[in-house]
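These notes concern the structure reproduced below.
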Amino acid sequence: MKLTIPLPKEYSFEKTIERVKEFEKATEHEKDKKLWRAIRLSSRAIVVGVCKNEAGELEIESHDKLSRFEQMELKEIMTHRWSLEVDLTPFYKRMAQNPILYSTIPDRMGFHIVRDPDLYECLIRTIISQQLNLSFAGTLIHRFIEQFGEKISHLDMWFSSFPTVERVADLNYEDLTTLQLTQRKAEYIIDLSRAIVEGKLDLSSLQQETDEEIMKRLISFRGIGRWTVECLLMFGYGRSNVLPAADIGLRNALQLLYGSDTRPSETEVREFAKDWSPYASYVTFYLWDYLTQQKKISKVTKKGYNER
DNA sequence: GGCCAGGCTAGCA
DNA sequence: TGCTAGCATGGC
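Residue numbers (the UniProt record's numbering): 1 to 308.
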C-alpha cells in the first residue's frame with residue numbers, strides 16, 4: 001500500500017538520497033526506482049520503499065497492508081527520517097553572509113539531513129562508528145543487523161530490521177566480538193541495552209529536554225561521550241543547532257575549505273562557528289558532505305595520474 | 001608498513 | 001582537573 005507526504009520547498013530528494021545510498025548500503029536497497037529498507041513500527045517490522053513521485057511528493061510503499069494507526073506512525077517516522085519539516089531557506093540566507101562557507105552550498109541546494117528512524121538505532125550505530133573510518137563502521141553495522149535483526153522477505157530480497165533492544169540485551173559480549181567489534185564496544189552496546197530494558201535509561205523521555213540536559217543525562221553512561229550525544233542530538237532527536245566541535249571530520253573539512261596548513265583545534269572550530277547558530281547541525285552536515293566529495297575528487301585525480 | 005579513522009575510558013599526576 | 005596510552009581493524 002502507498003502513502004504520500006508533500007516535500008517542503010528547497011528539498012532535493014535526489015541529493016538527499018545520494019548520501020544514504022553511499023553510507024547506508026547495508027540497510028538500504030534500490031529496486032524498481034525506490035529505496036527500500038526495513039522499519040520497525042511499535043507493533044512490528046515492515047519493509048518500506050520511498051521515491052519522489054510525479055506530483056513531487058515523497059511516496060512511501062509498504063510491503064504489507066497497514067492499519068490506520070500504523071499509517072500514522074509510519075508517516076511520522078518518515079517525516080522525521082527525511083527531515084520533511086525542515087525549511088532550509090533561512091539557513092541559506094544566513095550562509096550567504098559568509099562567502100567561504102557559501103561556496104559549499106550551490107552543489108547542495110535542497111540537501112537535507114537524513115536522520116535515523118529511531119533513537120535506539122541511532123545510539124547503537126553511533127557507538128559502533130566511534131573512532132572508525134565510515135566504511136569499516138558500515139561493515140560492522142551491516143553484520144550486526146544481519147546477525148540479530150528480524151528477516152523479512154520482499155521483492156525477492158531479504159531485509160533485516162534493526163535488532164530490538166530486548167534482543168541485544170540478551171546477548172553475550174562474545175556475540176559481538178565475533179563480529180569484530182572490540183570488547184569494549186561490545187560491553188557498551190550490551191550494557192546500554194540492558195539499562196534501557198531495565199528502565200534505567202529512557203531515550204524517548206528526553207525528547208522534550210534541552211540539548212544541554214540531554215548531554216548531561218546521557219554522558220553519565222559508560223560508552224557515551226560528547227561526540228556520541230552530539231550525533232544522537234543531530235540524527236536521533238533531530239536538533240538543528242548541534243556543533244560537534246571536536247569531530248575529526250568537521251575539523252578536516254574546515255582545514256580543507258579554508259586552505260589551512262594545520263587542522264583547527266576544538267576551540268578554533270568554535271571560533272569558526274560562532275555565527276552558525278541556530279543552524280550548526282546543517283553547517284556541520286554540509287561540511288561533512290563537502291569533505292567526502294572532495295576526498296572522492298582527489299582519489300579520482302590520483303588514480304588518473306597513476307594510470308597515465 | 002605506518003598512520004589515520006565522524007572517540008571513549010581508565011589510570012595517573 | 002587535565003592529560004594520555006590503549007583499544008582494534010580496515011583503508012589508503
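From the three backbone atoms N, C-alpha and C, an ideal C-beta is built for every residue, glycine too.
Relative to the Cα of Q130, the nearest Cα in the group T182, L233, F91 belongs to T182. DSSP, read as helix, strand or coil, puts V20 in helix.
Here L140 really is in contact with Q180; their C-beta atoms are around 7 Å apart, less than 8 Å.
For the set E73, Y279, A186, the Cα lying nearest the Cα of F144 is the one of A186.
By the CB criterion at 7 Å, T284 and L256 fall outside the cutoff. Spatial neighbours of P163 in its own chain (CB-CB distance under 6 Å, excluding positions within 5 residues in sequence) are listed in chain order as F148, G149.
Between I189 and I127, the gap from beta carbon to beta carbon is short of 7 Å. When rounded, the separation of the alpha-carbon atoms in I39 and V47 is 6 Å. Counting along the chain, H80 sits inside no beta strand (DSSP E); it lies in the alpha helix (DSSP H) bounded by residues 68-81. Per DSSP, the continuous beta strand (DSSP E) segment holding W36 begins and ends at 34-40. Look at I224 here: in three-state DSSP terms it is coil, with no helix or strand label.
According to the DSSP assignment, P6 belongs to the beta strand (DSSP E) that extends over 2-6.
Taking 8 Å as the upper bound for CB-CB distance, G238 and L192 are not in contact here, some 21 Å apart. A Cβ-Cβ distance of about 6 Å is found for the pair I214 and V229, placing them in contact under the 8 Å criterion. Excluding the 5 residues flanking it on each side, Y92 has same chain C-beta neighbours closer than 7 Å at I105, in chain order. Of the other Cβ atoms in all chains shown, fewer than 16 fall within 10 Å of the Cβ of Y258; this residue is therefore exposed.
Rounded to the nearest whole angstrom, the C-alpha separation of I100 and M234 is 24 Å.
Cβ atoms of V20 and L7 stay farther apart than 8 Å, at about 15 Å. Listed as beta-bridge partners of E61 by DSSP are K2, G49.
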